Every structure is written in structure tokens, then in C-alpha cells.
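Worksheet for the structure shown next.
2 protein chains.
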Amino acid sequence: MASPPSTDGYSFGPFELNLDKAIELIRRSSAGRIGLQVPEGLKRAAPSIAQLIIEKTGSEVVISGDPCYGACDIDMALCQETDLMLHLGHAELRDGPDNVIFLEARMTTDLEEAAQNALPHLRSKKVGIAATVQHIHKLDQALEILKDHGIEGLVGPAGGRIKYPGQVLGCCYSTAKALEVDEFLFIGTGQFHPLGIALATGKRVVAADPISADVSEIDPQPMLRRRFGAISRAMDARRFAVLVSKKLGQRRMKLAKRMKALGEAKGKEMFLVYLDNIEPDRLLNLGVEAAVSTACPRIALDDAAKYRIPMLTPPEFEVLMAEREWEEYRFDEIYE
Amino acid sequence: MASPPSTDGYSFGPFELNLDKAIELIRRSSAGRIGLQVPEGLKRAAPSIAQLIIEKTGSEVVISGDPCYGACDIDMALCQETDLMLHLGHAELRDGPDNVIFLEARMTTDLEEAAQNALPHLRSKKVGIAATVQHIHKLDQALEILKDHGIEGLVGPAGGRIKYPGQVLGCCYSTAKALEVDEFLFIGTGQFHPLGIALATGKRVVAADPISADVSEIDPQPMLRRRFGAISRAMDARRFAVLVSKKLGQRRMKLAKRMKALGEAKGKEMFLVYLDNIEPDRLLNLGVEAAVSTACPRIALDDAAKYRIPMLTPPEFEVLMAEREWEEYRFDEIYE
């Protein structure tokens with residue numbers, strides 16, 4: 021089982037990157053052409069990082085200019101164009117290409133204040149702990165703080181597309197689902213991941229943000245109402261696009277074909293649409309009345325307001341087609 | 021030399037497509053999985069065309085959901101995912117993948133009125149004629165009308181990435197440059213192609229729009245002033261992105277490396293950036309002060325206003341680096 025690497029390295033805003041390790045690996049590989057892919061939050065640092073690699077290794081560097089949403093989103097064209105690719109900010113998924121070095125970013129902000137603020141919100145003596153990869157190195161500190169207050173912290177196992185114990189991805193909550201606890205403490209920023217834990221496990225989730233030290237209890241009901249609304253709005257749609265992502269870690273063609281067959285069996289017109297970045301104008305022009313997205317679940321769940329037509333996840337489409345009860349609503353996860 | 025196919029077929033707005041031919045070719049190939057790629061102007065028709073192919077051939081169809089800007093922009097991921105791809109709307113470039121059928125769209129609007137309107141604007145007795153592929157089947161009619169009025173029409177040869185005599189692409193004006201004439205009659209819509217002819221040949225261009233029947237004489241001076249302005253604005257930039265397109269027919273890595281070396285020799289920081297669709301937000305995040313685009317020339321020349329930083333074509337960057345005189349300004353063309 022992998023243990024989180026140490027964070028001695030270079031700082032970029034709140035992120036720390038162990039670039040010395042990357043430079044060492046590049047030197048050892050004697051690759052002449054290096055690809056550099058970074059998420060949007062690190063994009064401004066890309067030219068400086070490229071410059072550092074050029075100076076320290078003598079290699080040529082080509083920067084990926086397309087947006088990057090995760091380790092699911094490897095720039096395959098750049099992989100083909102270069103000898104070795106350095107993918108920054110995300111933990112490796114399994115089944116990626118061979119010539120990619122993943123170098124995770126660590127957020128250096130201290131957990132102490134956020135964890136202390138979380139304590140009064142916890143109700144159980146046994147709490148599941150989960151974090152996104154940028155904060156995964158803080159799990160031990162969180163366990164200590166809980167222990168000091170008589171609470172047992174539990175961390176679920178890595179496996180599949182999850183590299184570290186306790187890590188969650190927007191599309192995968194297996195570490196949380198593996199635990200038998202009544203509540204979770206999530207360490208990280210944003211509402212999407214803790215909402216995912218709440219919906220995937222059906223349990224109470226307290227989210228502690230190490231940046232702001234804010235703590236909140238997650239209420240999945242508003243999102244569930246919105247999703248029920250989206251399903252209701254799709255009720256009269258006759259023509260559906262089934263979206264399939266070109267991104268290596270989001271490509272679920274088999275699932276898409278199953279959704280297509282399901283819709284057709286119920287008399288709907290279903291079209292398979294293959295695309296890279298899913299954006300509103302892509303769908304406007306296609307003239308469909310609703311869409312089922314088999315790509316990253318955030319597209320339907322987090323970005324719904326950007327789209328003029330209802331966009332459903334596969335389990336939501338099953339609800340619409342009366343193949344699944346609303347009471348069995350399932351958060352869309354990717355295990356492949 | 022190819023001659024334009026006849027246009028008996030299916031109509032989609034002002035476009036006609038010989039879908040029977042495509043269906044025949046698909047049947048003959050016995051391909052089970054068909055990719056369908058269409059330009060934005062035909063996107064709304066994509067589901068209906070997909071349905072027709074499914075009904076007539078029994079094949080499975082996957083629609084390309086990404087934008088499509090030309091035959092330079094083959095959806096390679098979809099090519100890999102399917103047995104045969106149908107690419108609509110554009111004439112084939114050379115050196116494309118093997119499993120693509122190109123089916124051009126023809127605009128069915130009559131040329132008569134536009135050509136008659138153009139006659140009083142022509143000054144010579146020998147006029148070069150050029151058109152975009154949607155109107156290429158009207159060249160004979162144009163030649164007839166000119167002949168009836170004592171004007172000899174000349175049509176330049178196909179070759180390279182140009183499929184038909186007299187055809188121009190946004191990135192290639194070889195059919196016009198091959199002619200020794202003092203003026204050109206352009207048949208088509210929009211200002212970009214006739215501007216390209218004017219800048220690539222240095223000759224007078226009269227543009228006749230078959231849709232509106234409007235005729236205008238092209239004045240390249242406003243565009244040249246804007247380009248001079250862009251070069252001037254880039255004068256103080258220290259850090260440049262050299263953009264390289266991932267699109268098969270726009271990928272000019274060698275040229276990009278030459279631009280990078282040229283800038284570095286003059287003390288600039290130059291970064292190679294590899295990307296698919298070039299859009300403003302892609303560059304905002306990179307933190308560069310100017311860009312050189314080796315992709316489709318329209319990105320720098322036609323879309324400049326969309327970008328906050330100056331975006332130059334390679335010949336313009338040569339002017340900036342004092343490797344080319346402004347008097348030798350050259351329209352950026354792609355011959356590869």
C-alpha cells in the first residue's frame with residue numbers, strides 16, 4: 021500500500037510539489053522530450069516549472085495547454101509526442117499509460133484549527149476519516165487529534181482507482197463505503213466530495229476545510245431535490261444524447277451502450293456522442309432534449325446549472341426509465 | 021484531378037449532401053461501427069443523419085461531439101473507436117487517416133445574381149476565379165457568365181492540400197498564387213478567404229456572396245493595420261507561448277521549434293504549448309505575455325479580438341524579431 025510522499029519541495033501558492041524527485045526521475049530516464057501537464061490551479065506555474073526542468077535536465081519541455089481535470093484526464097496526444105510525461109497535482113489511477121510520472125501536490129496549510137473546530141460537531145466515538153489527495157498527508161494528524169479527544173478515527177483501504185487509504189475522488193468513495201461507522205469527517209475544500217461521501221454511504225458527514233478552518237455539516241437534501249427536478253424535467257424528452265468522454269479515466273462506452281439500449285427499449289431516440297471536454301455549447305448545437313453523461317459525475321451533478329437541457333447520470337436515467345426506484349437513488353461512481 | 025461530385029442528395033438548410041453515396045460506401049465496407057463528424061453548421065442535423073445511417077446500413081453510429089473546424093480537424097479519437105468515419109462538409113486534405121470518408125457539402129444557392137452583380141466591379145479582361153469548397157461546383161457557371169461578357173476566367177490548379185482546381189482554404193491560397201492575373205473574383209461567404217487571397221497574392225479581389233448576392237471589393241489595409249498593431253503590442257513581451265495544435269492538419273511542431281529558437285536567440289522566454297482547441301481561457305491561465313500560433317491562421321488573424329494578449333502568426337513573429345521586414349509581410353499559409 022502506498023504511503024503519502026514527503027513534501028519537501030517547491031511551493032506554488034498553497035501547493036507544495038516535490039519537483040526534485042521529478043527532476044531526478046527525468047534525469048534517470050534520460051528522456052529527451054518531456055511533456056508537462058498541470059491542473060488549472062497550477063497552470064500559471066507551468067512556464068516556471070518547465071524552465072526549471074529545462075535548466076536541471078537539459079530536456080526539451082512541451083506544456084499541455086488543454087484543461088486538466090484529474091488523473092482521469094491524461095493528455096494522451098502529448099504522451100505520444102514526448103518520451104516521458106510529468107503529470108502534476110493528482111494521484112495515479114490504475115491502468116494509466118506507462119510513460120507518465122505522477123507528482124501529487126500537497127496543500128501545506130495546517131489542519132489543527134479545522135480539526136479542533138470539527139470536534140464539537142462529531143456525535144460518535146467512532147468516525148470515518150476521508151480526504152482528497154492534496155490533504156491526504158494530514159490523516160495521521162487528524163487521527164491524533166481525534167484520539168486526544170477520545171474518538172477513534174477509521175481510515176478505509178486504498179484499491180482500484182484509489183491510491184491512498186482514506187482518499188476520495190469525485191467519482192469514487194470506496195474508502196468511505198468500506199467503513200462501518202455512523203459518521204465521517206472529511207478533510208478538504210469544497211462541497212462536492214463530502215456530498216459524494218454522504219450520498220454514497222448514506223451517513224452523516226462533517227466537512228472541515230483546512231484553508232478557511234470552516235466546518236459544516238453536509239445536507240444532501242437540496243442536491244437530491246435538484247436531481248429529482250432534473251429527472252422530472254427530462255420526463256417528456258424524446259431525443260437523448262448519451263455522452264461518452266474521450267478521457268482515458270472517464271471513458272465508459274459499455275455503460276453508454278447499456279443506457280442507449282435501455283432508452284431505446286422504452287421508445288426514446290438515443291445517440292452516442294463522443295467528446296473530450298463537455299461544455300454547454302457542445303450540446304446546444306446537437307439539438308437533443310436531454311443528455312445522459314457517462315463521463316465525470318461532476319458534469320451532471322455539479323455543473324447542471326450551466327446546461328439548458330437536463331443532464332442525468334446513468335443511475336438517474338435508470339430512475340427516469342423506471343428501471344430503478346427513486347428510493348434507490350445512487351451516486352454515480354467510476355470503479356473501472 | 022478530382023472533379024466536384026454531383027449534388028443529388030439530402031438537403032440540410034442551404035447545404036446539400038450526397039448521403040446515398042456515403043450509405044453505399046458504408047454498406048460496401050461492411051463496417052459495423054461508424055463515426056460521424058460534422059462541422060458546427062451541420063451539427064443540428066447530426067442526429068437525423070445518424071438515424072438514417074443506422075436505418076439504411078444497420079451499423080452502430082457514434083457522433084463526434086467536439087467542434088469541427090475543417091478537414092484539418094479529423095476526430096482521431098473517434099477514428100480509433102470506430103471502423104469507418106464519415107466526415108461531412110469538407111474536402112479531403114492529403115495525408116489523412118485511411119478509414120475516413122469525406123463527404124463535402126454543397127451550397128445549392130444559385131450564382132447568377134451574385135455573378136451579374138460582380139461584373140461592374142471587374143476591371144480586367146482576365147480574372148482569376150476562386151471559391152471555397154461549398155461553392156466549387158459553381159466555377160463553370162461563373163466562367164460562362166464572365167465569358168458572355170468578354171472576360172476570360174482562369175482557374176488555378178489543385179495540388180497539396182487543395183483538392184479541386186480553384187479551391188481556396190483559409191490556410192492555403194496556392195490555386196490563386198499560381199495564376200498570373202491582376203484581379204480575382206472570389207465566390208463564397210465571409211471576408212476571411214477573399215482577404216487571404218488579397219494578402220497571399222497582393223492582387224485586387226472582388227468577393228461575390230451567392231447567398232446574399234452582395235458584392236464587395238476587398239481592402240486588406242484595415243487588417244494589415246490591426247496586425248501591425250498586434251506586433252507593436254508584443255514588442256515588450258518577455259515570455260511567449262508558442263502554440264502547437266494537436267489537430268492532424270494544423271500540427272506544425274517543426275515550425276514551432278524554429279519560432280522558439282528564434283525567440284530564444286533574441287533573449288525571449290519561449291514555451292511550447294500543445295493544445296486542441298485554442299480558446300481565450302487556455303492562455304489566460306498560462307501567464308504568458310504574448311503568443312505565436314502555429315495552428316490555423318484564423319486563430320491569430322480572425323479571432324485576435326477574443327484574446328487579451330497579442331497573438332501572432334509565425335511570419336508576424338519574424339517581423340517582431342526583426343528577421344523579416346514589415347514590407348515583406350506574409351499571410352500565414354499551411355502547405356504540409
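Heads up: the protein sequence lines correspond to chains S and P, in order. Going by our numbering, the first sequence opens with residue 21, and the numbers climb by one from there. Going by our numbering, the second sequence opens with residue 21, and the numbers climb by one from there. Positions of the beta carbon are idealized from the N, C-alpha and C atoms, including for glycine. Predicted model, so just to flag it, every value in this text is computed and none were measured.
In three-state terms, what does DSSP make of residue i?
i        : result
S:Ile354 : coil
S:Met21  : For S:Met21, the predicted structure reports a pLDDT of 41, less than 50, and the residue's modelled location is therefore unreliable. A value from the coordinates is still provided. Here S:Met21 sits in coil by DSSP.
S:Glu80  : strand
S:Lys145 : coil
P:Met96  : helix
P:His107 : strand
S:Ser50  : coil
P:Ile207 : strand
P:Met255 : coil
S:Ser194 : helix
S:Met273 : helix
S:Leu174 : strand
P:Ala228 : strand
P:Gly179 : strand
P:Val201 : coil
P:Met341 : coil
S:Ile165 : helix
S:Glu237 : strand
In chain P, which residues lie less than 7 Å from residue i when you measure between Cβ atoms?
i        : result
S:Leu98  : Tyr294
S:Lys266 : Ala97
S:Leu332 : Ordered by position in chain P, no residue passes the 7 Å Cβ test against S:Leu332, which lies about 16 Å from the chain.
S:Arg259 : Pro67
Looking only at DSSP bridge pairs, what is residue i linked to?
i        : result
S:Val188 : BP columns for S:Val188 are empty, so no partner.
P:Val58  : Paired residue(s): none; P:Val58 is not in a bridge.
S:Tyr294 : S:Val264 and P:Ser84
P:Phe32  : P:Phe35
S:Ala150 : S:Phe206
S:Ile332 : The sequence shown places Leu at residue 332 of chain S, rather than the Ile named in the question. S:Val312.
S:Met127 : S:Phe35
S:Phe122 : S:His107
Can you find a CB in chain P that lies within less than 8 Å of the CB of residue i?
i        : result
S:Phe206 : no
S:Asn38  : no
Taking only beta-carbon positions, decide if residue i is within less than 8 Å of chain S.
i        : result
P:Ala320 : no
P:Arg64  : yes
P:Leu108 : no
P:Asp86  : yes
P:Val312 : no
P:Pro25  : Note that P:Pro25 has pLDDT 48, beneath the 50 cutoff, so the model's placement of it is unreliable and the number below is only indicative. Chain S contact via Cβ: absent.
At 9 Å on the CB atoms, spell out the chain P contacts of residue i, in chain order.
i        : result
S:Phe291 : Ala66, Pro67, Ala70, Gln71, Val81, Val82 and Ile83
S:Val308 : Pro67
Any heavy atom of the ligand ADP within a distance shorter than 7 Å of the CB on residue i?
i        : result
S:Asp323 : Within the structure as shown, the ligand ADP is missing, as the structure has no ligands at all.
Name the chain P residues that come within less than 8 Å of residue i, Cβ to Cβ?
i        : result
S:Glu101 : Met273 and Tyr294
S:Arg302 : Gly85, Asp86 and Pro87
So with CB distances below 8 Å, who are the chain S contacts of residue i?
i        : result
P:Glu60  : Asn305
P:Leu263 : Gly85
Residue ranges of each beta strand (DSSP E) within the stretch 283 to 328 of chain S, 3 or longer: You should have 289 to 295 and 310 to 313.
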